[in-house]
Structures are given as C-alpha cells and as structure tokens.
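Using our numbering, the letters of the sequence shown map in sequence onto residues 4 to 136. By construction, the Cβ of each residue, glycine as well, lies at the ideal position given by its N, Cα and C atoms. No experiment lies behind these values; they were computed from the predicted model shown.
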Amino acid sequence: MPYVAPDDANNKLVDTIKEIKARKGSPPWREKVLATPRVRMLVHCWPSDFGHPKHYHPRADEIWYVCEGQLKVSFNGGEPIVAGPGSVLFAEKGTAHDMESVGKVPLVMLCFVTPNEADDEVSFSDKKMEFPG
Numbered sequence: 004m005p006y007v008a009p010d011d012a013n014n015k016l017v018d019t020i021k022e023i024k025a026r027k028g029s030p031p032w033r034e035k036v037l038a039t040p041r042v043r044m045l046v047h048c049w050p051s052d053f054g055h056p057k058h059y060h061p062r063a064d065e066i067w068y069v070c071e072g073q074l075k076v077s078f079n080g081g082e083p084i085v086a087g088p089g090s091v092l093f094a095e096k097g098t099a100h101d102m103e104s105v106g107k108v109p110l111v112m113l114c115f116v117t118p119n120e121a122d123d124e125v126s127f128s129d130k131k132m133e134f135p136g
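Below is the structure:
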C-alpha cells in the first residue's frame, strides 16, 4: 500500500471499524487510520473484483488482517490463496504480491506497513487502485 504522510492520517487515539464504515459509505474506500515514520495502518473496503495489481516493497514488510469478506492473494507468482475473516497474511520486504476482493461480501481488511517510507512501492503494472474523493 502506498506511503501515508503522518499529516494525512487520522492518528486518533481510538477509532472503530463500525465508525469508519459509517463515515466512508459504500466501497471502494480506504481510511488512513495512522501514520508515523515507523508504521502506517489503513482500513480498506473493496467490492468484489477490486484489487491491487502486482507490486512489492523493497524496504517494508506488509501485514493484512481480514475482518470481512475474502481476499485472494498471490505471493511471488505462486498459486492464489483465498483468505477469509480472521486470516492474517504477511509479505516480507521484497515479496511480490497482488490482491483482489473475491466473493459476494465486500472485503474489509486492516493493512499495516513498516517502516512507513515514501517511494517504497514498486509496481509491475501501470494500473492503479482508484478510490473516490
């Protein structure tokens, strides 16, 4: 997930998925929950067939926690994995991965990237994730 400047994140002491979903409305959307030089955390909500094209982070590890829906992920071009609610997935720095929401229920997931550095995403595609607003 792309860099988030600390001033661009909410950085609230407390927030909830329920409140974030109410604020953001229908998918697709992402909420920049927090950002420091050490870590960024986002909540993503994607409709089915929405995803992030193949990319990697040369200096950062990325972790996802699936709250709702299903996430299909391929790591380093391997067989796709479909992860449901309660799943934790990990891409160590340098691990190529692509992701897509699958199934009938929108995907809601937490995403953590550490460290939070600018220019730390290398894409294999010209296609970009686009969010309204």
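Taking 7 angstroms as the limit between beta carbons, can you name the residues of its chain near residue i, skipping five residues before and five after?
i      : result
Cys70  : Ile20, Pro88, Val111, Met112 and Leu113
Thr98  : Tyr59, Phe78 and Asn79
Asp123 : Tyr6, His60, Pro61, Arg62 and Ala63
Nearest-angstrom Cα distance between residue i and residue j?
i      : j     : result
Phe127 : Lys96 : 16 angstroms
Glu120 : Asp11 : 14 angstroms
Pro5   : Tyr68 : 17 angstroms
Lys27  : Arg62 : 30 angstroms
Ala25  : Ala94 : 30 angstroms
Thr39  : Ala8  : 8 angstroms
Lys35  : Gly72 : 20 angstroms
Suppose the cutoff is 6 angstroms on Cβ atoms and the five residues either side in sequence are ignored; what does the same chain contact list for residue i look like?
i      : result
Ser77  : Pro83 and Asp101
Pro30  : Cys48, Trp49, Pro50 and Pro109
Lys130 : Pro56
Leu16  : none
Identify whether residue i lies in helix, strand or coil by the three-state DSSP scheme.
i     : result
Lys35 : strand
Asp1  : Residue 1 falls outside the range modelled here, since the chain spans only 4 to 136, and no answer is possible.
For the beta strand (DSSP E) containing residue i, list its first residue and its last residue.
i      : result
Arg43  : Arg43 to Trp49
Met132 : Looking at the DSSP string, Met132 is not in any beta strand (DSSP E), and its letter there is neither H nor E.
Ser104 : His100 to Val105
Lys96  : Premise fails: Lys96 is in no beta strand (DSSP E) and is neither H nor E.
Phe53  : Neither: Phe53 is in no beta strand (DSSP E) and is coded neither H nor E.
Residue i lies in the alpha helix (DSSP H); which residues open and close that run?
i     : result
Glu22 : Ile20 to Lys27
Based on the DSSP output, what are the partners of residue i in its beta bridges?
i     : result
Tyr59 : Val125
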